[in-house]
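There are 2 protein chains.
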Amino acid sequence: MDAKTLCLGVLTLGDASGYEIKKHFEEGPFAHFHAAGFGSIYPALNALLREGHVTRTETTQTGRPDKKIYKITEAGRKAFRHALHKDPAPDSYRSEAIFMMFFSDLLDGDQVRHVYDEYLAKYRTRADRMARQDSCSCQNGQRFVHGLGLAIYRAVVSYMEQNRGLLLAPHATQQGGGAASVAE
Amino acid sequence: MDAKTLCLGVLTLGDASGYEIKKHFEEGPFAHFHAAGFGSIYPALNALLREGHVTRTETTQTGRPDKKIYKITEAGRKAFRHALHKDPAPDSYRSEAIFMMFFSDLLDGDQVRHVYDEYLAKYRTRADRMARQDSCSCQNGQRFVHGLGLAIYRAVVSYMEQNRGLLLAPHATQQGGGAASVAE
DNA sequence: CATTCATATCTCGCAGCGATATATATCTAG
DNA sequence: CTAGATATATATCGCTGCGAGATATGAATG
Numbered sequence: 008m009d010a011k012t013l014c015l016g017v018l019t020l021g022d023a024s025g026y027e028i029k030k031h032f033e034e035g036p037f038a039h040f041h042a043a044g045f046g047s048i049y050p051a052l053n054a055l056l057r058e059g060h061v062t063r064t065e066t067t068q069t070g071r072p073d074k075k076i077y078k079i080t081e082a083g084r085k086a087f088r089h090a091l092h093k094d095p096a097p098d099s100y101r102s103e104a105i106f107m108m109f110f111s112d113l114l115d116g117d118q119v120r121h122v123y124d125e126y127l128a129k130y131r132t133r134a135d136r137m138a139r140q141d142s143c144s145c146q147n148g149q150r151f152v153h154g155l156g157l158a159i160y161r162a163v164v165s166y167m168e169q170n171r172g173l174l175l176a177p178h179a180t181q182q183g184g185g186a187a188s189v190a191e
Numbered sequence: 008m009d010a011k012t013l014c015l016g017v018l019t020l021g022d023a024s025g026y027e028i029k030k031h032f033e034e035g036p037f038a039h040f041h042a043a044g045f046g047s048i049y050p051a052l053n054a055l056l057r058e059g060h061v062t063r064t065e066t067t068q069t070g071r072p073d074k075k076i077y078k079i080t081e082a083g084r085k086a087f088r089h090a091l092h093k094d095p096a097p098d099s100y101r102s103e104a105i106f107m108m109f110f111s112d113l114l115d116g117d118q119v120r121h122v123y124d125e126y127l128a129k130y131r132t133r134a135d136r137m138a139r140q141d142s143c144s145c146q147n148g149q150r151f152v153h154g155l156g157l158a159i160y161r162a163v164v165s166y167m168e169q170n171r172g173l174l175l176a177p178h179a180t181q182q183g184g185g186a187a188s189v190a191e
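Residue numbers (the working numbering), protein chains in the order written: chain A, 8 to 191; chain B, 8 to 191.
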């Protein structure tokens with residue numbers, strides 16, 4: 008699925024600028040299942056404009072830089088629906104943090120603890136934020152995806168809490184404690 | 008984390024050819040947390056050879072094409088350990104299937120059912136395979152990562168089974184027949 | 001008064017994914 | 001018995017697109 012299709016998808020939810028589309032991929036409802044950077048979004052929007060799949064309105068703002076609001080056209084909706092009817096590419100997940108934890112025996116204790124703590128904190132924050140967001144979205148697909156994200160985040164948090172001992176020294180589970188043998 | 012570091016990581020687990028390294032990323036213990044294609048692996052191995060981080064042994068096989076076995080050097084181990092001490096890049100997860108399910112209201116029922124069924128089947132298979140693999144790996148980091156993968160897959164399967172109704176029409180599950188109201 | 005942050009658009013280089021080419025032996029189907 | 005698929009094995013090429021930076025400005029922070 009290319010960047011154009013992703014942008015069209017966001018635009019079916021409402022008109023937006025390139026900047027807003029990016030934010031959508033960072034904080035929005037499917038932030039957790041896809042990403043896109045400026046380097047893909049802006050070229051994609053220009054291509055969509057050329058193809059007549061979106062229209063562009065330039066809004067002059069006082070103070071702020073000018074905004075270019077993109078709106079999906081009927082042709083765009085049709086193209087998007089068409090793209091959704093192809094077989095989905097397989098999922099791809101990549102996590103450097105987990106790769107590091109896999110090799111925890113090659114790392115010193117402080118680094119493992121650091122990576123573990125940061126990772127758990129990040130997933131806790133996300134789970135909390137998602138739980139608060141609730142399902143303001145009325146559409147079933149959106150509710151389904153939101154719930155799935157939440158379920159995954161909770162599973163990760165729960166597993167990590169219960170298996171901390173596997174990664175971090177078998178002796179002390181305390182963090183404040185006095186670093187007995189671990190000296191640097 | 009670049010392809011070179013990923014290859015070094017695999018080679019700390021044992022000598023391997025480029026082909027075997029690829030298989031490692033497809034079926035091995037961290038298959039689920041990273042991927043790499045030939046287009047990244049072979050150039051990476053050549054670069055590592057130039058840098059002295061691996062050595063290469065050409066083995067002539069009868070029948071099969073020649074194999075080039077790569078072995079990590081002391082310098083390579085050091086470089087790998089060094090790379091593991093940098094802050095990990097944030098996770099990235101991309102799933103076209105979930106993106107599609109998000110927009111399930113724009114798709115016709117057959118397509119949604121198709122995507123849902125394929126997706127659930129794939130995750131069930133993976134969860135089963137992982138459960139069977141067990142933790143033959145004695146190292147803690149490997150056990151931790153294996154368990155985490157299993158926990159995530161189980162959470163996905165469980166959530167999807169319980170929330171099938173959100174995506175697929177509330178009335179009928181209609182697989183074959185005329186479909187009354189409640190079939191399941 | 002300086003700096004950092006948030007809004008906003010856009011380009012460029014480099015990494016790397018997917019597809020393809022090449023070669024061969026075995027396994028499967030017609 | 002041959003045709004095609006499958007598995008082993010290496011390698012390159014083009015296109016996509018990510019990350020980093022350039023550019024611009026007002027508002028909040030120090």
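Backbone N, C-alpha and C fix where the C-beta goes; we use that ideal spot for every residue, glycine too.
Quick caveat: nothing in here was measured; it's all calculated off a predicted structure.
- A check of alpha carbon separations from VAL152 (chain B) across A:ARG88, A:VAL152 and A:TYR123 identifies A:TYR123 as the nearest.
- Listed in chain order, the positions of the segment 133–159 of chain B with a beta carbon within less than 8 Å of a beta carbon of chain A are GLN146, ASN147, GLY148, GLN149, ARG150, PHE151, VAL152, GLY154, LEU155, ALA158 and ILE159.
- Sequence-ordered contacts of the segment 89–103 of chain B with chain A read LEU91, HIS92, PRO95, ALA96, ASP98, SER99, TYR100, ARG101, SER102 and GLU103 [C-beta pairs closer than 7 Å].
- In the three-state scheme derived from DSSP, where H, G and I count as helix and E and B as strand, LYS78 (chain A) is classed as strand.
- Closer than 9 Å at the C-beta level to chain B, one finds these residues of the segment 59–90 of chain A: ARG84, PHE87 and ARG88.
- With a minimum length of 3 residues, the unbroken runs of beta strand (DSSP E) contained wholly in the segment 39–122 of chain B fall at 61–66, 74–79 and 99–101.
- Shown here for PHE45 (chain B): same chain residues with a beta carbon closer than 8 Å to its own, the five before and five after excluded, namely GLY25 and LYS29 in chain order.
- Close to chain A, meaning a Cβ-Cβ distance shorter than 9 Å, are the following residues of the segment 104–122 of chain B: ALA104, ILE105, PHE106, MET107, MET108, PHE109, PHE110, SER111, ASP112, LEU113, LEU114, ASP115, GLN118, VAL119, HIS121 and VAL122.
- Looking at the DSSP output, ALA23 (chain A) shares a beta bridge with A:TYR77.
- Straight-line spacing of the CA atoms in ASP94 (chain A) and ALA158 (chain B) works out to 27 Å.
- A distance below 8 Å between beta-carbons, with the five flanking residues on each side excluded, links PHE32 (chain A) to the following residues of its chain, in chain order: LEU13, VAL17, ALA38, HIS41, ALA42 and ALA43.
- No Cβ-Cβ contact shorter than 8 Å links ALA82 (chain A) with LEU15 (chain A).
- Residue-level contact check: ASN170 (chain B) touches chain A, since one or more beta carbons of chain A fall below 8 Å from its beta carbon.
- Remark: C-beta atoms of MET167 (chain B) and GLY148 (chain A) do not approach each other more closely than 8 Å.
- Taken through DSSP and simplified to helix, strand or coil, MET137 (chain A) comes out as helix.
- By the Cβ neighbour-count rule, ALA134 (chain B) is buried, with 16 or more other Cβ atoms within 10 Å of its own.
- Annotated as proximal: THR19 (chain A) and ILE79 (chain A), with beta-carbon spacing under 8 Å.
- Per the coordinates, the alpha-carbon of ALA104 (chain B) lies some 10 Å from the alpha-carbon of LEU127 (chain B).
- ALA90 (chain B) and ALA51 (chain B) do not touch by the CB rule: their CB atoms are close to 13 Å apart, not below 8 Å.
- Within the same chain, ILE76 come within 6 Å of THR64 (chain B) by CB-CB distance, once the 5 residues on both sides are set aside.
- Across the segment 27–59 of chain A, CB contacts with chain B closer than 8 Å involve PRO36, PHE37, HIS39, PHE40, HIS41 and ALA42, in sequence order along the chain.
- Selection A:LEU173, A:ARG57, A:THR132 and A:PRO36 evaluated against LEU155 (chain B) yields A:LEU173 as nearest (Cα-Cα).
- Taking a Cβ-Cβ threshold of 9 Å, the residues of chain A close to VAL163 (chain B) are LEU155, ALA158, ILE159 and ALA162, in chain order.
- For GLY156 (chain B), the uninterrupted alpha helix (DSSP H) run begins and ends at 147–169, by DSSP.
- TYR160 (chain A) is positioned such that its CB atom lies closer than 8 Å to that of MET137 (chain A).
- Of all residues in the segment 15–26 of chain B, only GLY16 and THR19 place a beta-carbon less than 9 Å from a beta-carbon of chain A.
- In the DSSP assignment, ALA176 (chain A) falls outside any alpha helix (DSSP H) and carries neither an H nor an E.
- For LEU56 (chain A), same chain residues with a beta-carbon under 7 Å away, outside a window of 5 residues either side, are ARG63 in chain order.
- In the displayed model, ASP9 (chain A) falls within coil according to three-state DSSP, outside both helix and strand.
- The beta carbon of LEU173 (chain A) falls within 8 Å of a beta carbon belonging to chain B, placing the residue at that interface.
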